Amino acid sequence: MSVLTPSTIDEVLAHLAERPEALLLSGGTDVMVEINMAHRKAPAEVVALRRVEQLRLWRHNPSSEGTGGTVTIGSGLPYAEMEHGPLAELFPALAEAARTVGSPQIRAAGTLGGNLGTCSPAGDGLPVLFALDAIVHLRSIGGQRDVPVADFMVGVKQNVLEPGELVTGVTMPIRHGWQGYSKVGVRNAMVIATASACLAMDRDRGAVTLALGAVGTTIIRCRDAEGWLAGELDLSAEPLDISDAVAQEFGRRAAADARPIDDHRSTAAYRGHAVGVLSSRLLRRAAA
Amino acid sequence: MTQEPIGSPEIYRLQVNGESHDVQDAWLGESLLYVLRERLGLPGSKGACEQGECGSCTVLLDGAAVCACLVMAASATDADIVTVEGLAPDAALTDVQAAFLDEGAVQCGFCTPGLIVAVHHLLEHNPEPSTLETREALSGNICRCTGYGRIFAAVDAVVASRADQAAR
Amino acid sequence: MTEASAPPAATATATETVTALRPGVLGTNAARPDGVPKVQGRFAFANDLWAENMLWGATLRSPHPYARIRSVDVTGAWKIAGVEAIVTAEDVPGQPTYGLIRQDQHVFASGYVRFRGEPVAAVAADHPETCRRALEAIVVDYEVLTPLTDPEEAIAGTREPIHPDGNLIRHQRILCGDPEATGPIVVEGTYEMGMQDQAFLGPEAALAVPDDDGAGLELYIATQWLHEDRKQVAACLGLPEERVRLVLGGVGGAFGAREDISLQVHCSLLALRTGRPIKMQYGREESFYGHVHRHPAKIWMRHSASAAGEIIKIEARMVFDGGAYASTSPAVLINGVTHAQGPYRCANAIVDGYATRTNNPPCGAMRGFGVVQACFAHEGQMDKLAAAAGLTPVEVRLRNAMRTGDPLITGQPVDSVAPVERCIRETDALPMPPDLASDADVLSLPGGTGRTADRGHVVRGVGYGVAIKNLMYSEAFDDYSTARCQLNDGVVTLKFATAEVGQGFLMLAQQIARTILGVDDVMLDTIDTQIGSSGSTSASRQTWMSGGAVDAACRKVRELLFEAVADRYGLPALQLAIEGTDVVDTIGTLRVPVGEASMGLRLDETVEYRHRPTEDLDENGQGNCHVAFAFVAHRAVVDVDPELGLVKVVQIATAQDVGRALNPLSVAGQIEGGIAQGLGLAVMEEIVVTDGMVRNASFTDYLLPTTLDAPTVVFSLIEEPDPQAPLGAKGVGEPPCISVTPAIAAAIRDATGRDIRRVPVRPQDICLA
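Taken in sequence, the protein lines are chains A, B and C.
Each residue of the first sequence is one higher than the one before, counting from 1 in our numbering.
Each residue of the second sequence is one higher than the one before, counting from 289 in our numbering.
Each residue of the third sequence is one higher than the one before, counting from 457 in our numbering.
Written out as structure tokens, the structure reads:
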């Protein structure tokens, strides 16, 4: 076994080209658990990303069209840096999700790159990426490709990352409108999601997006609920006017989109119920 | 079935509590926690879960409080690592350590080193945390003995005494 | 009254007491002698130990809850470089089985594995990773059998025995008074409790160092009871006890889970095999498989009462699932059935209790020991009784509260001080928390950091629980503790084998010596088996038992000191006393510091302290089986989000019968810590077992309360010294975790109107029931 600690993306890609099966180690909060618990055979090659400063940066990409533009977040930026400050102001839902990731110690190490690499349906960052239609940037020695996050995650702990590829970051649009994240777990902190939801408004496009976590094999975008709501809601109104009936129906439709299972953490019935309640409440919060 | 030997011929170097340590003949899957405890003679950081769910192994890595069990030691070669043993010179107690004793925050003591590091980190970044800020900042450090009441009292005592000193 | 944010010594009464006392004596918040190393990270826990030329040990465990072992093939493991020893059932040189009450568990599975995680083999190698690879290379051929997982099937006898001892570990009936007695009010209910884990933070660990001649060893071990471990280890190794020396390694919490053998025999055997020191330590997952848990239980109860709500008769059927091996199940069951009435007067009873054997994980001791289960049921019943009688929860409990001298349903009179009424009244008088603010931070609402609730989604509820808990060992057990006190040239040294597991006995022992002998510095000798047994650090017994032994040894040394001083100064010894740090003549003027008075003396006394004998129960459950009792009341205030079924426990108020607070800060720590464990059992902690398989053997999925789950705790100590207790103090460890669980369940019922009959309360039990 060997551990490589490159300091630039190019070095990482060169290593990966030579050793396509090498394991990429970002914050370590998933990989080291598996090694410690002997759930994963120790890999022959590890490429540790912690020295790659380029992956820990984020930048604002202004738009030529007068909208808010986009933000690109490096795959190695720890969650702790999304909880507060300018990124949190740009993406409140991401800040709220980041604040629920594991413990403060985990948030100091864990990254969006790790969430994307692992692709657990309970990954807290993922519903935000889905709700904001994030683009995932992948690079290999052969070039770069950009994949919508909904195409990137294809199943439980499955993604389209090819050997030799590195997730360098994600790009998300800055939207004008309320956004929020909510997550159920049976403890008031440091808990894996039993069910989660991210709602984001886009007042400029007159759209609302809703993504659900931990209730399916991937993050679920509720196209039916989103489409229905777009017809019920005047997103140009200030403040938004959302009736109890609309909020409830929105939650009902969201729950209908969920495909939860029974496991040791919860039941399918509860998860389905919970995402409906969360979706409905998030919508009410948007109007509060 | 052939497996590679455990001991790696590679030598790597860690900076811990201001001192440089060479690590050799190690299995590279070892966590920083294991290396600190079993190779560097620094058993103060404790392991209670191996998966970042208890905080007993909290150390400072380039100033960030992280779980040493989730750091691959061989990847931390460039980092400035501070463990509970590095908070105060030999035999001395920091104000946080003293407050833990005065306020009865120590029972079995297994969570204590991780909590001491976490409280130092909290108060360095937020000298006067609210009750909820303290609770959130320490929410990754599980204590099974105390129910946390005495630990909160210790944090409050340090905050008060530091504010008192600053006022003089 | 004390807020969690203020230490108890800051209360008015405590301050007066404390300031009047010499620092470090009984009644003060003396410092822990193990405190400084613990905050510095220099305290040596068992898994911090290390020896030259040491090897690592590891255990292979059954992946099946029930299977016949056709063969174990270790040849593959021997091929791995670095492997030094592999041991299986056939390598156990002595008695093949162990157990606290019945020796019914094999050191390594032999013939059958009876639970998921049962040890099958162990290896010693040069690195933990080598051990892991070796375990992976051992091939066990299992014939998988259908596990027995339903305790009712074990009781019914419809399944073939899964163990030669049968599928029922114990049945005990209690018949008391008139079985036909009844009343105008009859309430009944069925109550369930999931399997809780002790989840001490310091996983099992030991270091075994073989003697040079290979015929003995030294075992450094984190345990609750050195001598019991030694007895079982020596028997399994086929060695005389004197060749097995146990030394207490630093213990990272216990809560009952270190009473049984876990890795002690395996580690010792590997050391004898290899002739090298062996270090073994469990990871968290293995810890879940490696120790017993709190019994899951199902309890049916029916209370008959007068129209005024006075209990006339209780009927109960209690089923405790002991899992695959007996451990302490027989004793846990007896605690359950003998506490079925709770701290209430009751003249008539019919109680049937069963401890079953199944292929579920073995269960045994955990803080509260059978009483936690009984209390959850009887307190649920008291609320039903209150509703039926038109009383408040407090009124019905006051109306039935036991008093000193009242008989239990076993016929045993409660001759301990029984301030049940005071516990209830003082708990109720503690201030309520402020109402939830309209702008409350989302972190303080149910759901916490998950931001699931807004203020308008939250409702508040209040519930009560009251408990009685026996102290020390019961049923004719010869329960004693040994302590030695030496006073040499003004230096006191204490020796005992009492396991310090975090509770603070080391500090208490010093407090006792300072108080009795008038010295400030008290040395503590190594805790090991080079002195007689101190019994187990369990059953809320060490303050009473080992405290009693240290007290008695110190008093004997003091008598010798007085005799020496009396000789020297020509005074009657009876006239002498300790005042502060001086020996004084209570009639005359002599005053000489203890240090000076003891110069040149070598005083040395060893004492075995015993509590009064207890009896076995007869076939109708009658007999004075317990020694003494403590009482406690809890009031829980909870905020609930009924639509999502999430709970935040806001405040716990409690008044506890402590006899005498020997170290008020430590008592506070026991109260707050016990409450957190009871809270965990109420709303989050459960080992999920389906088909005999543990589904959540990790801290990711076995959830312990965090700082954001901890309630504010307000408490009142009821100090009515117990004349039976050597220091007037009752054990304070267990009561805090007992009635808090039913109080929280009651508060959730109060908030939501839901019929909560099971703990831990799961979200779906609230919102989808």
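Ideal placement from N, C-alpha and C gives every residue a C-beta, glycine not left out.
This one's a predicted model, so the numbers in the text were calculated from it and none came from an experiment.
If you draw a straight line from the Cα of residue 895(C) to the Cα of residue 901(C), it is about 11 Å long. Counting only the Cα atoms, residue 807(C) lies some 6 Å from residue 773(C). In the DSSP assignment, the residues bridged to residue 173(A) are 70(A). In this structure residue 949(C) does not touch residue 928(C) by the C-beta definition: roughly 27 Å separates them, more than the 8 Å allowed.
For residue 79(A) and residue 743(C), the gap between their C-alpha atoms comes out near 31 Å. When the beta-carbon positions are compared, residue 810(C) and residue 611(C) come within less than 9 Å of each other. Of all alpha-carbon atoms in 701(C), 785(C), 664(C), 749(C), the one lying nearest the alpha-carbon of residue 733(C) is that of 664(C). Listed along the chain, the chain B residues whose CB falls inside 7 Å of the CB of residue 36(A) are 319, 338, 339, 357. Taking the C-beta atoms as reference points, residue 359(B) is found no nearer than 9 Å to residue 296(B). By the CB criterion at 9 Å, residue 922(C) and residue 876(C) fall inside the cutoff. By the rule that beta-carbons nearer than 9 Å mark a contact, residue 390(B) does not touch chain A. Close partners of residue 298(B) in chain A (Cβ separation under 9 Å): 2, 3. Minimum Cα-Cα distance from residue 395(B) among the listed residues 1203(C), 961(C), 520(C) corresponds to 961(C). Within chain C, the residues whose beta carbon sits less than 7 Å from that of residue 192(A) are 1156, listed in sequence order. Secondary structure at residue 356(B): helix, using DSSP grouped into helix, strand and coil. Of the candidates 719(C), 1162(C), 1082(C), 1155(C), 1162(C) places its Cα closest to the Cα of residue 905(C).
Proximity of residue 696(C) to chain B, defined by a Cβ-Cβ separation below 9 Å, is not satisfied. Scanning its chain for C-beta atoms nearer than 6 Å, with the 5 sequence neighbours on each side dropped, one finds around residue 642(C) the residues 760, in chain order. In this structure, residue 198(A) places its C-beta atom within 9 Å of the C-beta atom of residue 127(A).
Counting other Cβ atoms within 10 Å of its Cβ, residue 135(A) reaches 16 or more and is therefore classed as buried. In this structure, 246(A) is the residue among 142(A), 246(A), 101(A), 138(A) with its C-alpha nearest to the C-alpha of residue 282(A). DSSP, reduced to helix, strand and coil, places residue 522(C) outside both helices and strands of the structure shown, so it counts as coil. Note that the C-beta distance between residue 579(C) and residue 525(C) is not below 9 Å. Judged by DSSP in its simplified three-state form, residue 159(A) adopts strand. Residue 1070(C) sits buried, since 16 or more C-beta atoms from the chains shown fall within 10 Å of its C-beta.
Counting the other Cβ atoms within 10 Å of the Cβ of residue 680(C) gives 16 or more, which makes it buried.
Considering only 1119(C), 1098(C), 858(C), 988(C), the residue with the shortest C-alpha distance to residue 392(B) is 1119(C).
Along the segment 47–80 of chain A, going in chain order, the ones with a CB nearer than 7 Å to a CB of chain B are 48, 50, 51. Close to residue 1140(C), with beta-carbon spacing below 8 Å, are these residues of chain A in chain order: 186, 187.
Closest by C-alpha distance to residue 1203(C), out of 1115(C), 1094(C), 1114(C), 1126(C), is 1094(C).
Counting along the chain, residue 232(A) sits inside the alpha helix (DSSP H) bounded by residues 223–232. Counting along the chain, residue 840(C) sits inside the alpha helix (DSSP H) bounded by residues 827–845. Within the segment 578–606 of chain C, the complete beta strand (DSSP E) runs of at least 3 residues fall at 595–600.
The DSSP-derived three-state label of residue 153(A) is strand. In the structure shown, residue 32(A) adopts helical secondary structure according to DSSP, grouped into three states. Proximity of chain A to residue 905(C) at the Cβ level (cut-off 7 Å) is accounted for by 99, 100, 188, 189, in chain order.
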